[in-house]
Amino acid sequence: MEDAVDMREDIAGFRLFVVYDGHAEQEAVSVVKQILPNILASHLQDEADVETGICKAFGAVDAEVAKSLVEKEIKESDLKVSSGTVACIALVRGKELWVANLGDCRAVLCKEGTKAHTISVDH
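Each step along the sequence shown adds one to the number in full-length UniProt numbering, with nothing skipped, and position 104 is 104.
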């Protein structure tokens, strides 16, 4: 299965919810699911602005995944790096909510009896 979800209770004072939508193989989802929470926690602690912390964490995760998959390709010469993943995260602290996505994984906000609203933008 190429998709996964994750939830962490305390990532730098936030609750973290993640949906991963893997493409081709499970490898990228496995790597990202393993490293995203710690990298995100580190950047959220270092940055006063949550949005900046999220953006820097996404960049760091992207670089780490590329490095990890290339290293694996070198070790296993028959491996073709074709695996990938998009992700959507939600960070909750008290009554505040931050949502970020990478790729076409969308966040939708809804309440019973009301219309659903897409709150992320594909990119």
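Every residue gets a Cβ at the ideal spot worked out from N, C-alpha and C, and that includes glycine.
Cα-Cα separation between residue i and residue j, rounded to whole angstroms
| i | j | result |
| --- | --- | --- |
| Arg8 | Asp49 | 20 angstroms |
| Gln34 | Gly113 | 37 angstroms |
| residue 205 | Gly22 | Coverage of the chain is limited to positions 1 through 123, which leaves residue 205 absent and any answer about it impossible. |
| Glu64 | Ala116 | 35 angstroms |
| Ala53 | Ala4 | The identity of residue 53 in the sequence shown is Gly, whereas the question assumes Ala. One C-alpha to the other measures close to 23 angstroms. |
| residue 128 | Lys67 | Shown here, the chain extends from 1 to 123; a query on residue 128 therefore has no answer. |
| Asp10 | Cys110 | 24 angstroms |
| His43 | Val92 | 16 angstroms |
Whole-angstrom C-beta distance between residue j and residue i, which should lie under 8 angstroms
| i | j | result |
| --- | --- | --- |
| Ala83 | Arg106 | The sequence given here has Ser at residue 83, not Ala. With 8 angstroms as the limit, Ser83 and Arg106 do not qualify as a contact, their Cβ atoms being about 21 angstroms apart. |
| Ile28 | Thr118 | Residue 28 is actually Ala in this sequence, not Ile. Incorrect: roughly 24 angstroms between the Cβ atoms, too far for contact. |
| Ala90 | Val32 | About 16 angstroms; that fails the 8 angstroms criterion. |
Best match in the options for proximity to residue i [C-alpha to C-alpha]
| i | options | result |
| --- | --- | --- |
| Tyr20 | Ala66, Asn101 and Ala60 | Asn101 |
| Gly103 | Ser30, Leu36 and Asp122 | Asp122 |
| Glu96 | Asp6, Phe14 and Val5 | Phe14 |
Within 8 angstroms, strictly: CB atoms of residue i and residue j
| i | j | result |
| --- | --- | --- |
| Leu40 | Ala57 | yes |
| Pro37 | Leu69 | no |
Residue interval of the beta strand (DSSP E) (run including residue i)
| i | result |
| --- | --- |
| Glu112 | Segment: none, Glu112 is in no beta strand (DSSP E) and carries neither H nor E. |
| Ala90 | Gly84 to Arg93 |
| Val99 | Glu96 to Leu102 |
| Arg106 | Segment: none, Arg106 is in no beta strand (DSSP E) and carries neither H nor E. |
Endpoints, alpha helix (DSSP H) assigned at residue i
| i | result |
| --- | --- |
| Ile11 | No alpha helix (DSSP H) contains Ile11, which is instead part of the beta strand (DSSP E) from Asp3 to Ile11. |
| His43 | Glu27 to Asp46 |
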